[in-house]
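Right, one structure below, let's go through it.
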Amino acid sequence: MKDFLRAVVMSAIPFDINSFVYDYGFKLTTKMKQLLILLCLSALTSLISGKSHCHACFDSICYSKALIFQNYPISGQLAVDRVANVVYFHYEDSRPLDHTVAFDLDDIRFLNIPDIEFSFARAVDQSTRDVYIGGANGIYKYNPETNTTSRFGLFDKTIWHIQFKDKIYYTIFMTKGLYTFEKKQSKTVAALKDYNIDDFIVDKREDIYFMSNFTVYKLKKGESKPTMFSSVIYSLTTDINENAYFVQSETRGLYKIDYKTDRLTEIGAFGSGSPFRTVFDNYNNVIYYDAVTDQLFYLTPNYGRCKVTDEGKGRRLKKKVSLTLE
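So in UniProt numbering, spot 36 of the sequence shown is number 36, and the numbers just go up one at a time.
Pasting the structure below:
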């Protein structure tokens, strides 16, 4: 990916950005200029070749994938600092040693997180850029400005899953319930104390969607009891606007909540593999972990047109992504 982007930026493209900026009154940063070059090159390549890669199809737009990481399995959550466009994750190498790391999507470089090795849960406070990292010894806080990691709380707990929305929401490994942690105080979400929660999100309405016993439930804000939402197994995530998204790894389908109807609507599909963990960056582009290949990918639009169709039935159902003519 690094070599590809370097080649793009250094390519001779018959397009004068400075003239464009002068003529149209735009003021672009260096990164914005590089992005504009990338988009122009992508469009030019599509015109010359007559086709585009379509590794995923969302809202009838083709997306190309770039490889971020491979060779070692990734465990636990992905998290994105959308201010700096940095994705955080954990992997175990062949020795085996644990590594909690970050990848800068804009500057194309890896960052090692100091003073913490194993972790499973990760979440970012987008207002401060602090990263909350959970593992076998509670929650740690990483400050990317100072590149320091400190112990934060719940040191006697093994943290399974974290989300930050005004405060920390978390679950504990092999323990029922969902909890909040604010001002060093832990509280139980009373309505969920009897549920084993495998995955959860808190959306823009502060509704909680969670997986328990192969079922998705919804706890609406202010209500005292969750309701069953779906019997289909999904991994859950939220985008830059805190809209709720659902990924079906088996079929490769991507869905989101239609907030007018409170029902799922299909956005599109991934073209291959098994998208297991998914997050959105500061451009609302998808980063996902493919559980089949143990690879982490970054999707960006190339603006080819596409469609998604169903192949097979029942457990054999797969979403198929294909190009369409303009």
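Glycine residues also receive a C-beta, built at the ideal position from the N, C-alpha and C atoms. What you are looking at is a predicted structure, and each value in this text was computed from that prediction instead of being measured.
The beta-bridge partner set that DSSP reports for residue 105 is empty. For residue 295, DSSP records a beta bridge to 290. Around the CB of residue 119, 16 or more other CB atoms lie within 10 Å, so the residue is classed as buried. With a contact defined as Cβ atoms closer than 8 Å, residue 218 and residue 229 qualify at about 4 Å. Contact between the region 271 to 288 and the region 71 to 86 is present: three or more C-beta pairs spanning the two stretches fall below 8 Å. In this structure, the beta-carbon distance from residue 153 to residue 184 falls below 8 Å. Spanning the alpha carbons of residue 72 and residue 304 requires a straight line of approximately 32 Å. Of the residues 263, 302, 160, 123, the one whose Cα lies closest to the Cα of residue 66 is 302.
Here residue 314 carries a helix assignment [DSSP, helix/strand/coil].
By alpha-carbon distance to residue 162, the top candidate from 210, 127, 144 is 210. Going by beta carbons, residue 136 and residue 203 fall outside the 8 Å limit.
When the beta-carbon positions are compared, residue 88 and residue 99 stay at least 8 Å from each other.
Around the beta carbon of residue 194, a 10 Å sphere encloses fewer than 16 other beta carbons of the protein chains shown; the residue is thus reported as exposed. 69 is the residue among 223, 111, 69 whose C-alpha sits nearest the C-alpha of residue 295.
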